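The structure appears below as structure tokens.
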Amino acid sequence: MIVYSATKERFRQDVMTNGIGDIIFNAYKGATGKSTGRSEIDSWVNSLQYMDRALSDTAIPGDAGVAIEYHIPMSNKRIDFILTGTDAQNADTAILIELKQWQHATLTDQDAIVITQFKGRQQTTPHPSYQAWSYKRLLEDYNQTVQEEHIRLYPCAYLHNYEQDDVLANKFYSEYIKKAPVFYHADAVKLQEFINTNIKYGDKNKIMYRIEQGKIRPSKTLADQL
9 MIVYSATKER
19 FRQDVMTNGI
29 GDIIFNAYKG
39 ATGKSTGRSE
49 IDSWVNSLQY
59 MDRALSDTAI
69 PGDAGVAIEY
79 HIPMSNKRID
89 FILTGTDAQN
99 ADTAILIELK
109 QWQHATLTDQ
119 DAIVITQFKG
129 RQQTTPHPSY
139 QAWSYKRLLE
149 DYNQTVQEEH
159 IRLYPCAYLH
169 NYEQDDVLAN
179 KFYSEYIKKA
189 PVFYHADAVK
199 LQEFINTNIK
209 YGDKNKIMYR
219 IEQGKIRPSK
229 TLADQL
């Protein structure tokens with residue numbers, strides 16, 4: 009299920025008119041039959057304004073696809089922001105972006121786990137790189153369209169309020185950071201470069217629609233491992 013779907017150009021127009029919060033809120037209610045609190049709407053608006061700035065680079069095609077709040081079937085996982093298009097080899101590509109409003113985090117000795125302030129208290133939670141990478145693995149392991157049509161997936165995390173430190177960038181988490189890079193408060197240009205490296209042309213192949221319609225089927229690799 010996708011809550012919001014548009015082109016990059018249309019997404020930027022929706023942000024410019026200050027209507028993106030209400031648009032997503034109404035789309036969320038229509039798609040799920042549920043409501044949500046004002047705080048979550050405000051978080052959408054805040055994070056999406058940062059994404060709008062990152063997408064301001066004219067090298068990123070206006071007809072690239074944008075999907076917000078994609079709920080991965082048969083799981084409670086949802087991908088905050090997806091950008092779709094084709095790369096330099098004209099291969100279908102999707103960039104999976106985990107958006108965080110974190111400002112602080114604490115190192116742990118647990119694999120892929122950090123501690124951060126969440127819902128008013130300190131909680132253990134997966135490292136943002138691990139989260140983004142896990143979404144890629146879920147799609148590769150269970151989405152038949154991704155498997156058979158060889159859609160290239162590039163995960164990353166964007167922590168637009170977080171000043172880079174030696175916690176999230178700690179070598180303890182390097183395995184996951186290599187698989188899904190983290191972009192911090194001062195890294196909007198680096199995020200643009202990451203997008204430009206992986207998406208050269210717009211989405212004329214309805215990539216996100218095809219992913220959403222993909223049948224759930226364990227991949228051969230996963231089946232062999234099991």
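First residue of the sequence shown? That's 9 in this note's numbering, and the numbers climb one at a time after it. All C-beta atoms in this analysis are idealised placements derived from N, C-alpha and C, irrespective of residue type, glycine included. This one's a predicted model, so the numbers in the text were calculated from it and none came from an experiment.
Here THR153 carries a helix assignment [DSSP, helix/strand/coil].
For the options ARG218, TYR138 and PHE180, the alpha carbon positioned closest to that of ALA188 is the one of TYR138. Judged by DSSP in its simplified three-state form, ILE207 adopts coil rather than helix or strand. Just measuring C-alpha positions, the residue of PHE126, ASP100 and ILE185 sitting nearest ALA140 is ILE185. Judged by DSSP in its simplified three-state form, GLY38 adopts helix. A residue is called buried when at least 16 other Cβ atoms come within 10 angstroms of its Cβ; PHE126 does not meet this threshold and is exposed. It is roughly 29 Å from the alpha-carbon of LYS223 to the alpha-carbon of LYS108. In the structure shown, LEU63 adopts coil according to DSSP, grouped into three states.
Where GLU183 is concerned, the enclosing alpha helix (DSSP H) starts and stops at 182-187. Going by DSSP, GLU220 is part of the alpha helix (DSSP H) stretching over 215-221. With a cutoff of 8 Å on beta-carbon distance, LEU63 and ARG18 are scored as not near each other.
Take the alpha-carbon of ILE121 and the one of ALA165: they are about 15 Å apart. Bridge partners of GLN130 according to DSSP: GLN125. PRO69 and SER47 have their C-alpha atoms some 32 Å from each other.
In this chain, the alpha helix (DSSP H) harbouring ASP22 covers 16-24. Shown here for ARG218: same chain residues with a beta carbon closer than 6 Å to its own, the five before and five after excluded, namely THR153 in chain order. Spanning the alpha carbons of TYR143 and ALA75 requires a straight line of approximately 14 Å.
For LEU91, the enclosing beta strand (DSSP E) has its first and last residue at 86-94.
Around the beta carbon of MET59, 16 or more other beta carbons sit within 10 angstroms, so the residue counts as buried.
Taking all protein chains shown into account, ASP88 has 16 or more neighbouring C-beta atoms within 10 Å of its C-beta and is therefore buried. Contact between LEU91 and ILE203 holds, since their C-beta atoms are separated by about 6 Å, short of 8 Å.
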